[in-house]
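Participant: First the structure, which I've put down as structure tokens, then a few questions once you've had a look.
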RNA sequence: GGUCAGUUGGAUGAGUGGUUUAGUCACUGGUCUGCAAAACCAGCUACAGCGGUUCGAGUCCGCUACUGACCUCCA
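In the working numbering, the protein residues as written are 27 to 524.
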């Protein structure tokens, strides 16, 4: 049994609902992944981190989770370019590369960035291009059910007919009549019965590189089909959670629902979850606006808008400081604030070992109770639709408590220290997925020797200080500072960090 | 134009009717310290506007203003 009752905001119901999995103790979760035709930007980090938190938390409270996140490497049409041209193919032609070479290149870079952000890999990462056969079968099912028609080698979804039997707009709240009335000038419009019909299979233009044979034409699958197909293949006819960016709500997710209802006669997803956008200068950061900053540019500080580089953990912490359903505005000031705050947090965590246990007393019992109350509040925050800002807020309370103990303003016993360590690790490391970037991979014998050498220097400095030899003392500290070490004097001696 | 969301201090960002409206960053004063850094203590007169419901509204309802998202590829 799950140890906590999680509540999530279900876009379908527009309220928070208690989460109940279809199969006890198991969760099936599908999240729309990236289209790998360019470097990932800050906006891509949001859903990856948001659903990483959900993935981690579900596991923490006792679920076995199958997390599927797709790689879109085919199928997205571009309307500003030639008719029916595929995004991947277009990029490939520009760069004179094989389409799959482009896919591999950007996918590798995406994985590297996700790894840096400490985003856990999903259980399955299926490619759209690897499921063409399944997608063709899916189109056929919709055709057989009578909710699609063939036109000039392409297959379109018949929204008007679908709306007679099902509720088109159930997720996005759109009125189907208004959609039908809306006239838009899009490519391929003449082939459609209604402007709002969408492609299930698209006949490839002669210059189109990526295409596959099908009963209707040499072509490629439509925009929304891969998610319907692959979620069913790996998670079943019904599954628990479908996530993605809010900008995918319409038309992408609405069309997914339409496809599954048309093919299966019923919806397949129990909870739809959407993360909000990251903005820059008040506008959504996105490819179409050309105002995005890539993750690598953040890590290296190479974009003109950046006054300095920001580490992956700073980006992660910055994103977690806001609730996932709120927009979050990028600015150097906000990121610097996150960087400093994170540093304080990580130093607080590292300081746990510097607390000295006092004998158990009424005062230490009160301290322990405070820690347990903070833990309870953090579970409440997580259970309440993953309110990570509140979790962070409570972790700061814990940092403050640790510092008070070290400063002698509070007392803690051995049990309290153990509890602090456990609570901190559970929420900061396991659930929020933060890691100390400075000590990453620091376990070798060489590192031990290195640490010993620095400690030796500080011992020498301590002796100099004892004899009031400030010149030598400051020389050591300043030279170490030049090398990137921060030395802090405390009552129990000096500490250092890189 | 349609649909939906939002507007909280110097910045950011929680707050799902009820004693003091989280937390972080910045800033100010103090404690500690050889100095520095960190930490600790104390501050920093914020709920877009108007009206309504209520014993009580940041929170619920209505109107106004402004901003944004979606309606087209988008995380």
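Each residue gets a CB set at the ideal place from its N, CA and C atoms; glycine is no exception.
These figures come from a predicted structure and were not determined experimentally.
Would you kindly check if the distance between the Cβ of residue 123 and the Cβ of residue 180 is under 7 Å?
Facilitator: Not closer than 7 Å, so no.
Participant: Could you compute how far the alpha carbon of residue 308 sits from the alpha carbon of residue 394?
Facilitator: Looking at the two C-alpha atoms, the distance is approximately 44 Å.
Participant: Mapping DSSP to helix, strand and coil, what is residue 30?
Facilitator: Residue state, collapsed to three classes: coil.
Participant: Threshold first: 4 residues or longer. Then list the alpha helix (DSSP H) segments lying entirely within the stretch 390-445, N to C.
Facilitator: Listed in chain order, they are 414-432.
Participant: Using a threshold of 7 Å, state whether the C-beta atoms of residue 42 and residue 56 are closer than that.
Facilitator: Contact: no.
Participant: In angstroms with no decimal places, state the Cα-to-Cα distance between residue 220 and residue 185.
Facilitator: Each residue's Cα considered, the two are about 8 Å apart.
Participant: What three-state label does DSSP hand residue 269 in the structure shown?
Facilitator: Strand.
Participant: Got a sec? Which residues, its chain only, sit under 7 Å from residue 63 by beta carbon, not counting five neighbours each side?
Facilitator: Taken in chain order, the residues that qualify are 113, 114, 117, 128 and 132.
Participant: Is it buried or exposed for residue 388, if we count other Cβ within 10 angstroms and need 16 for buried?
Facilitator: Answer is exposed; the Cβ neighbour count stays below 16.
Participant: Taking residue 200 as the reference, give the member of 421, 506, 178 and 277 with the closest Cα.
Facilitator: Nearest C-alpha to residue 200: 277.
Participant: Find out if the Cβ-Cβ distance for the pair residue 302, residue 261 is shorter than 7 Å.
Facilitator: No, Cβ-Cβ distance for residue 302 and residue 261 is not below 7 Å.
Participant: Using the Cα positions of residue 45 and residue 434, report the straight-line distance between them to the nearest angstrom.
Facilitator: So the two alpha carbons sit approximately 44 Å from each other.
Participant: For residue 453, which of 398, 265, 361 and 493 has the nearest alpha-carbon?
Facilitator: Taking only the C-alpha atoms, the option nearest residue 453 is 398.
Participant: Which same chain residues end up closer than 6 Å to residue 487 when comparing Cβ atoms and leaving out the 5 residues on each side of it in sequence?
Facilitator: If we look at residue 487 and ignore the five residues flanking it on each side, its Cβ neighbours are 499 and 502.
Participant: Answer yes or no: do residue 100 and residue 155 have a C-beta to C-beta separation smaller than 7 Å?
Facilitator: In this structure, residue 155 lies closer than 7 Å to residue 100 by Cβ.
Participant: Find out if the Cβ-Cβ distance for the pair residue 305, residue 266 is shorter than 7 Å.
Facilitator: Result no, Cβ atoms of residue 305 and residue 266 do not sit closer than 7 Å.
Participant: Please name the residue, chosen from 479, 73, 284 and 52, that lies closest to residue 202 on a Cα-to-Cα basis.
Facilitator: When each option's Cα is compared against that of residue 202, the closest is 284.
Participant: Is the Cβ-Cβ distance between residue 61 and residue 161 less than 7 Å?
Facilitator: Their beta carbons are not under 7 Å apart, which means residue 61 does not touch residue 161 by this criterion.
Participant: Any chance the stretch 432-448 sits against the stretch 359-366, with 3 or more Cβ pairs inside 8 Å?
Facilitator: The stretch 432-448 vs the stretch 359-366: no contact.
Participant: Hey, would you say residue 245 sits closer than 7 Å to residue 230, going by beta carbons?
Facilitator: Cβ atoms of residue 245 and residue 230: closer than 7 Å.
Participant: Leaving out five residues before and five after residue 510 in sequence, what residues of the same chain have Cβ atoms less than 6 Å from its Cβ?
Facilitator: Excluding residues within five positions, the ones whose Cβ falls inside 6 Å are 524.
Participant: Tell me whether the beta-carbon of residue 318 lies closer than 7 Å to the beta-carbon of residue 341.
Facilitator: Not in contact: residue 318 and residue 341 (Cβ atoms no closer than 7 Å).
Participant: Beta-carbon within less than 8 Å of residue 326's beta-carbon, same chain only, minus the 5 sequence neighbours each way: which residues are those?
Facilitator: So the qualifying residues of the chain are 335.
Participant: For residue 490, which of 520, 163, 507 and 426 has the nearest alpha-carbon?
Facilitator: Checked all of 520, 163, 507 and 426; the closest Cα to residue 490 is 520.
Participant: Could you check which residue in 152, 450, 414 and 406 has the C-alpha nearest to that of residue 426?
Facilitator: Comparing Cα positions, the closest option is 450.
Participant: Which residue from 458, 403, 409 and 322 puts its Cα closest to that of residue 371?
Facilitator: Checking every option, the nearest Cα to that of residue 371 belongs to 458.
Participant: Going by Cα to Cα distance, which pick from 144, 402 and 171 is closest to residue 346?
Facilitator: Among 144, 402 and 171, the Cα nearest to that of residue 346 belongs to 144.
Participant: Taking the C-alpha atoms as reference points, what is the distance between residue 73 and residue 269?
Facilitator: Roughly 8 Å between the two C-alpha positions.
Participant: Pop quiz: residue 252 and residue 98 are said to be a contact at Cβ under 8 Å. What is the actual Cβ separation, rounded to whole angstroms?
Facilitator: With 8 Å as the limit, residue 252 and residue 98 qualify as a contact, their Cβ atoms being about 7 Å apart.
Participant: List the endpoints of the continuous alpha helix (DSSP H) containing residue 246.
Facilitator: Looking at the DSSP string, residue 246 is not in any alpha helix (DSSP H); the run it does join, the beta strand (DSSP E), is 245-247.
Participant: Buried or exposed: where does residue 52 fall if 16 or more other Cβ atoms within 10 Å of its Cβ makes it buried?
Facilitator: When all chains shown are included, residue 52 counts as exposed.
Participant: Given 6 Å as the limit, tell me if residue 116 has its C-beta closer than that to any heavy atom belonging to the ligand NAP.
Facilitator: Among the ligands in the structure shown, none appear at all, so the ligand NAP cannot be discussed.
Participant: Check whether the Cβ atoms of residue 37 and residue 329 lie closer than 7 Å to each other.
Facilitator: Going by C-beta atoms, residue 37 is not nearer than 7 Å to residue 329.
Participant: What's the gap between the Cα of residue 436 and the Cα of residue 460?
Facilitator: The straight-line gap from Cα to Cα measures roughly 27 Å.
Participant: I need the boundaries of the beta strand (DSSP E) containing residue 485, first residue and last residue.
Facilitator: Per DSSP, residue 485 belongs to no beta strand (DSSP E); it is in the alpha helix (DSSP H), 471-492.
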